[in-house]
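The sequence shown begins at 869 in our numbering and counts up one residue at a time. Even glycine gets a Cβ: it sits at the ideal position worked out from N, Cα and C. Take a look at the structure set out below.
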Amino acid sequence: MGDVINRVLVAIPAIAFAVLIIWQGGWVFAAGIGLLAVICVHELSVMLERARPVRLAAMLGVLGMVVAGTAGDERQVLLALAATVPVTFALAVAMPQRERVTASMSATLLIIVWIGLGVAHAAMLRGLDHGGALVVMILLGTFVGDTFAYFGGRAFGRHKLAPTISPNKTIEGLAFGVVIGTLIVWYWSQTYSDDGWISGLDGLLLGLTAVIAAPIGDLFESLVKRDMGTKDTGTLFGAHGGALDRVDAALFALVAGYYVWLLLA
């Protein structure tokens, strides 16, 4: 119980920050997620230090993708992503030590694609009609699903979901999180959509998208951390890890939620 209370206390400032930037939208939202992206890039660069990623190229890349997602659409985001390749090359060549430069550029582009695509799609999602509510619903499904997967796993977990990647996750916990997370998003969509802009079915599908994509993002980060021999990506949230530990699932869910909503709208 103490661990749960600590998690809640740590989450309060993060929730307040998220509410503020989502409510403001536009360039305030872009600045907020840009700051978060830079912190995640720093954490990931430290974790991948053996490959010596080009940190400046990664930071410029993710910030450029945030700007592209705020000011444009998928085409501008793709253009920004494409531009990161020559930028990474130029900055890698300019480094004083060029040994293992292929590994360096590969790690840099991994960081850019992983973090950059997530925040760029968050910006594009926020820019849609009712974008603030959509972002809230995706984040709600992500974090509620994860929370109830934790409780469901502790109460009912018997079968390991991915024992070689994340030994504590169970199939029963995942199922519990998927069901509760989907229902919470559906309830939110029907309770707080004052003008009926989202149907019950669309709310269910959006919630289901979030709760399925989010665990994949979590497992993706767990695989990288296990490969690097790291427990947490950072210490921003004290014993509960770094910024990337908190948003790894959301980065995948926001991308999936954006395209699913385009299909539904």
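- Here S1034 carries a strand assignment [DSSP, helix/strand/coil].
- Nearest C-alpha to P881 among A1111, G902 and L1002: A1111.
- For L1002, same chain residues with a beta-carbon under 8 Å away, outside a window of 5 residues either side, are L993, R994, L996, L1074, G1125 and W1129 in chain order.
- In this structure, the straight-line span from the alpha carbon of A884 to that of R968 is close to 42 Å.
- Contact between G986 and L1072 does not hold, since the beta-carbon distance rounds to 24 Å and is not under 8 Å.
- Cα atoms of V1004 and F1088: separation of roughly 23 Å, rounded to the nearest angstrom.
- K1028 has T1038 as its beta-bridge partners, per DSSP.
- Here the segment 1043 to 1051 makes no contact with the segment 1088 to 1097; the two share fewer than three CB pairs at distances below 8 Å.
- The alpha-carbon of G1064 is positioned some 15 Å away from that of G1000.
- Here DSSP, grouped into helix, strand and coil, assigns F1016 to helix.
- When DSSP states are grouped into helix, strand and coil, I1066 belongs to the coil group.
- Counted as a single uninterrupted DSSP element, the stretch harbouring T1098 is not any alpha helix (DSSP H), since DSSP gives it neither H nor E.
- In the structure shown, the three-state DSSP call for L1104 is coil.
- In the DSSP assignment, R923 falls within the unbroken alpha helix (DSSP H) covering R923 to A939.
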